[in-house]
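Structure record follows, encoded as structure tokens.
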Amino acid sequence: MAQPSVILATAGYDHNIRFWEPKSGRCYRTLQYPDSQINKLEITPDKHYVAAAGNPHIRLYEVNSPSPQPVISYDSHTSNVTAVGFQCDGNWMYSGSEDGTVKIWDLRAPGCQREYESRAAVKTVVLHPNQVTKGTLRNYVARTQIDSNFRREMKRGFEK
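According to full-length UniProt numbering, the sequence shown holds residues 1 to 160 in order.
Here is the structure:
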């Protein structure tokens, strides 16, 4: 089956992932995520997989598979997973959680490959080719060099 040029997927507190036809607005597939609400969805750059982040798991599903089961589950976080994404070549996945950790996963090998701890719940993560940047609930943005674990924290206040 050919990969669609546009993939529209939604998820939320109803424990379902829905795939939609963008032009017609018709839902053509629903996957159940029985563990919890879904906090974040991310589609791989090659459009073969969708990662669903919940509490405390990440499930990876094949976009075009008839199977409703995840291909793999990532179960290393201990609280809500609030951030998930993929490196541009699709070999690496990263995640952030309210447990205060950022994890980097090699999709070609089992298990978490690197872990970074934070002082607070992680709400957002960005992966640069050699850096991980994360934002927390305590107004911290931290940037870590992947190869050396050099860490720089910046505290930013938010104006009201």
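Beta carbons are placed, not taken as given, at the ideal position from N, Cα and C, and that holds for glycine.
{"Asked": "Straight-line Cα distance separating Pro56 from Leu107", "Found": "18 Å"}
{"Asked": "Cα-Cα separation between Tyr13 and Ala109, rounded to whole angstroms", "Found": "30 Å"}
{"Asked": "Within 8 Å, strictly: CB atoms of Ser76 and Glu98", "Found": "no"}
{"Asked": "Nearest-angstrom beta carbon gap, Asn39 and Thr10 [assumed within contact, 8 Å]", "Found": "Not confirmed; about 13 Å, so no contact."}
{"Asked": "Through-space distance from Leu60 to Ala52, alpha-carbon basis", "Found": "6 Å"}
{"Asked": "Burial state of Lys23, where buried means 16 or more other Cβ atoms lie within 10 Å", "Found": "exposed"}
{"Asked": "Contacts around Cys27, its chain only, beta-carbon distance under 6 Å, and the 5 residues preceding and following it disregarded", "Found": "Arg18, Trp20"}
{"Asked": "Glu115 vs Gly85 beta-carbon contact at 8 Å", "Found": "no"}
{"Asked": "For residue 161, the residue or residues it bridges with in DSSP", "Found": "The shown model of the chain, from 1 to 160, leaves out residue 161, and the question about it has no answer."}
{"Asked": "Neighbourhood of Ser73 by C-beta distance below 8 Å, restricted to the same chain and skipping five residues each side", "Found": "His57, Ile58, Arg59, Leu60"}
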